[in-house]
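Asker: Just dropping this structure here.
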Amino acid sequence: MMENRLYWCWLQQALHCGARVDEAIAAFGSPRSVYEASEYERRISGAFTVKQIERLSDTPLHQAQEILRTCDKYAVHTVTPDDPCYPARLRELPDFPCVLYVRGDPGVLGEELSLAVVGTRQATEYAAGAARALAGALARSGMVIVSGGALGIDSAAHRAAIDAGGRTICYMGCGFGVHYLMTNSPLRREISEHGALVSEFPPGTPAGKSTFPIRNRLIAGSSLGTLVIEAGVRSGSLITAKCAREMGRDVFAVPGNILTSTFEGANQLIRDGAKPVFSARDILEEYGARFPGRLDPAAADLPLPPAASPEENPARQHSRGRKNHALHGDTATQAHELPDAPHGTGTVRLLPADAAPEQRLIHEAVLHTPLRADEIAQRTGIPVRDLLRVLTQLEVMGYIVQQQGKRYLAVKE
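Put into structure tokens, the structure is as follows:
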């Protein structure tokens, strides 16, 4: 198995992530056989383009060895198509990933009952609430929630699954150890503890325009279906929905306001045949007969617990002990970690024009200085009981982030 892992990693490096590999494996039987084949054998197989044949010859094996050493050093699991926990649905794709890099529980990747929940990064309060209610209900019913770890809808879905006591998987658009969307670092930590963080890209691969479409096919391909919540016509969520449809997966969408462009993409999906979703039961009824006894529709009707406040949810703190540090990296305590990055230094992400007055008061209070909940309450005059509710809203919507010491700060682009 260890040897196979090396050659799968080499093939991924040679062909690049997202490349079609099914024909190569069908022709040669294994990635090692591809490595050992002559250039002539590779050419007559018909499985590769001219450029791919050149890259197969030019990619050294030690490059893959170094990647695997890095993964072993930083406790990143490498899951290949030979592994029993490799997602069976992904293995069916012509461009199935040669390697999945995982933090958390690799076993959750093979769960059949998984649903993707995606949508805009700049979610309205209605859409974020819908994502949280639906994802939470589905997680309680026994489904694994899959998303991409972005701000807005993705974060709301991951957060709800965790708060509901369920499991969630995040497919990332970059490799581990790069400085990307560090405001969501605490959430990613929790995802790895309640499911798995997954990337097709080797550690150190930066995010880019091409990495997210490659990633989106994994979100769609690994799931029974894809639920789209609030997406414009140019939203990346529609790429995920398109992938799902082309793969023969189900597509669901939450109907939205016809007077705003932010729901235009989701409404268009419904017009084109996606099933409209008004409750979690609209999704669960599609799978009850296929998976008898494995889903609990009654659990979807239970009231969603309130989002955990910083005081109620110590799992959201950065300093939870050596286990977290070893898994995610803490430069102050561990010699072996993938690098992290500080809070962004760009312009502050502004609230939408229709933001509630108390949201604006809280956001303005933490524009430049991290504050604890009691300090924010003192500055704004908002009672702590109401303050915690609004803080959760702003955090789910991606406008503030919780830092060490239970302090909140406005998100910067």
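Residues in the sequence shown are numbered consecutively from 59, following my numbering. Quick reminder that beta carbons are idealized off the backbone N, C-alpha and C, glycines included. Being a predicted model, the structure only gives us computed values, none of them experimental.
1) For Gly87, count neighbouring Cβ atoms within 10 angstroms of its own Cβ and tell me buried if that reaches 16, exposed if not.
2) Mind checking who Val137 pairs with in its DSSP beta bridge?
3) What are the start and end residues of the beta strand (DSSP E) that includes Ser281?
4) Considering just the uninterrupted stretch of the beta strand (DSSP E) at Val202, what are its terminal residues?
5) Does the count of Cβ pairs from the segment 159-177 and the segment 239-258 closer than 8 angstroms reach three?
6) Alpha carbon to alpha carbon, what distance is there between Glu97 and Gly402?
7) When DSSP builds the beta bridges, which residues end up paired with Leu285?
8) Using CA atoms only, rank isn't needed, just tell me which of Gln70, Met455, Arg113 is closest to Glu288.
9) May I have the straight-line CA-CA distance separating Cys232 from Leu276, to the nearest angstrom?
10) From Ala85 to Ile111, what does the alpha carbon distance come to, in whole angstroms?
11) Return the first residue and the last residue of the beta strand (DSSP E) that Leu467 is part of.
12) Which residue comes first and which comes last in the beta strand (DSSP E) that contains Leu255?
13) Less than 8 angstroms between the CB atoms is what I'm expecting for Gly200 and Leu171, so what's the real figure, rounded?
14) Tell me, please, whether the segment 447-454 touches the segment 409-428 by the rule of three or more beta-carbon pairs shorter than 8 angstroms.
15) Going by CA-CA distance only, name the one from Asp359, Pro355, Leu245 that's closest to His216.
16) In or out: Pro260 buried (at least 16 other Cβ within 10 Å) or exposed?
17) By DSSP, does Val92 sit in helix, in strand, or in coil?
18) Taking buried to mean at least 16 other C-beta atoms within 10 Å of its own C-beta, is Thr298 buried or exposed?
19) For Thr226, which three-state DSSP category applies?
20) Please state the DSSP three-state secondary structure of Pro118.
21) Buried or exposed: where does Pro441 fall if 16 or more other Cβ atoms within 10 Å of its Cβ makes it buried?
22) In three-state terms, what does DSSP make of Pro271?
23) The beta strand (DSSP E) with Ile458 in it runs from where to where?
24) CA-CA distance, Gln446 and Glu416?
25) Note down the Cα distance separating Arg273 from Ala133, rounded to an integer number of angstroms.
26) Short check: CB of Pro155 to CB of Cys75, under 9 angstroms?
27) Determine the contact status of Val236 and Ile211, defining contact as a CB-CB distance below 9 angstroms.
28) Can Cys129 and Gly165 be called in contact, C-beta distance under 9 angstroms?
29) Expressed to the nearest angstrom, what Euclidean distance is found between the alpha-carbon atoms of Tyr238 and Ala95?
30) Taking 9 angstroms as the threshold (C-beta atoms), are Phe270 and Gly290 in contact?
31) Along the chain, where does the alpha helix (DSSP H) that runs through Arg100 open and close?
32) Would you kindly report the start and end of the unbroken alpha helix (DSSP H) that includes Cys301?
33) Closer than 7 angstroms by C-beta to Ser213: which residues in its own chain qualify, once you throw out the five before and the five after it? Chain order, please.
34) Could you give the residue range of the alpha helix (DSSP H) that holds Phe86?
35) Let me check understanding here. Comparing Cα to Cα, which of Ser281, Ala332, Tyr345 lies closest to Ala146?
36) How many Å lie between Val79 and Ile125 at the Cα?
Answerer: Taking the definition as stated:
1) exposed
2) Leu158
3) Careful: Ser281 lies outside any beta strand (DSSP E) and carries neither H nor E.
4) 202-205
5) yes
6) With a pLDDT of 42 at Gly402, under the threshold of 50, the predicted position of this residue should be treated as unreliable, and no value is reported.
7) Val175, Phe310
8) Met455
9) 13 angstroms
10) 14 angstroms
11) 465-468
12) 253-257
13) 6 angstroms
14) yes
15) Leu245
16) buried
17) helix
18) buried
19) strand
20) coil
21) exposed
22) helix
23) 458-461
24) Before going further, note that residue 446 is Leu rather than Gln in the sequence given. Each residue's alpha carbon lies about 11 angstroms from the other.
25) 22 angstroms
26) yes
27) no
28) no
29) 38 angstroms
30) no
31) 97-103
32) 294-304
33) Asn242, Leu245, Val454, Gly456
34) 80-86
35) Ser281
36) 20 angstroms
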